[in-house]
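For reference, the structure discussed in these notes is given below.
Numbering (this note's numbering), first residue to last: 2 to 220.
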């Protein structure tokens, strides 16, 4: 379960303070699929970063699966992310000098690399990438690169998937294929928080939370 209680995130800028998230409270149940919808600058990405422990709130509390993230050390948050959270981003974040399998294996825990390699190959096969394992990102289509990123996000069998505009660089067919994988993760019991400005992507979710100027205006 995710509990966000009175959370604000304030950034300092040359022209003053920017309240990316403004006194926001939200609860997401375990196993729920929630879409965060809103225009650019509405606070979607910042909220995902707070839920994932990539950023800390300026005020308020963020609790994920029983852990109050601001109370954890940086190392503890990193370990929590590795064990429980998968991330998918719009820009893929694949290393251009590594092949597909090695990019997926970046998420592997050091103590279980042999098991992770086997599961990575299983995921890549499931995502239709068996014949791309030795290819580098520059040799792949945008849809293939995003499927590689999805495989990497799922490698450690996370309980929570955070997806930030994952279809933003994809055409309609590839976007639908990627969303099918997201929905399958949800059907297998995973919790999903998907940030998007795309109505079709948001429609896949069980619940839509609309953000504007860092506030939830529809929930």
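Just so it is clear, CB atoms sit at the ideal spot from N, CA and C, and this is done for glycine as well.
Residue 132 has its alpha-carbon roughly 43 Å from the corresponding atom of residue 22. Between residue 89 and residue 150 the beta-carbon gap is near 6 Å, inside 8 Å, which marks them as a contact. In this structure, the beta-carbon distance from residue 138 to residue 97 falls below 8 Å. Within the model, the alpha-carbon separation for residue 102 versus residue 148 is close to 12 Å.
Classified as buried, residue 168 has 16 or more neighbouring CB atoms from the shown chains inside 10 Å of its CB. Under the three-state reduction of DSSP output, residue 64 falls in the strand class.
For residue 161 against residue 186, the beta-carbon gap comes to about 10 Å, at or over 8 Å, which does not count as contact. For residue 38 against residue 197, the beta-carbon gap comes to about 6 Å, under 8 Å, which counts as contact. Assignment of beta-bridge partners to residue 219 by DSSP yields 211.
Between residue 171 and residue 183 the beta-carbon gap is near 12 Å, outside 8 Å, which marks them as no contact.
The beta carbon of residue 47 sits closer than 8 Å to those of 10, 21, 22, 56 and 215, all from its chain and outside the five residues before and after it, given in chain order. Short of 6 Å from the beta carbon of residue 159, and not among the five residues preceding or following it, lie these beta carbons of its own chain, in chain order: 85, 86 and 87. Of the other Cβ atoms in all chains shown, fewer than 16 fall within 10 Å of the Cβ of residue 28; this residue is therefore exposed. A residue is called buried once 16 or more other Cβ atoms fall within 10 Å of its Cβ, and residue 174, having fewer, is exposed. Annotation for residue 83: 110 and 157 place their beta carbon closer than 7 Å to its own, counting only its chain and skipping 5 residues before and after.
A direct Cα-to-Cα measurement between residue 217 and residue 94 gives close to 29 Å. In summary, residue 12 is exposed, with fewer than 16 beta-carbon neighbours lying within 10 Å of its beta-carbon over all protein chains present.
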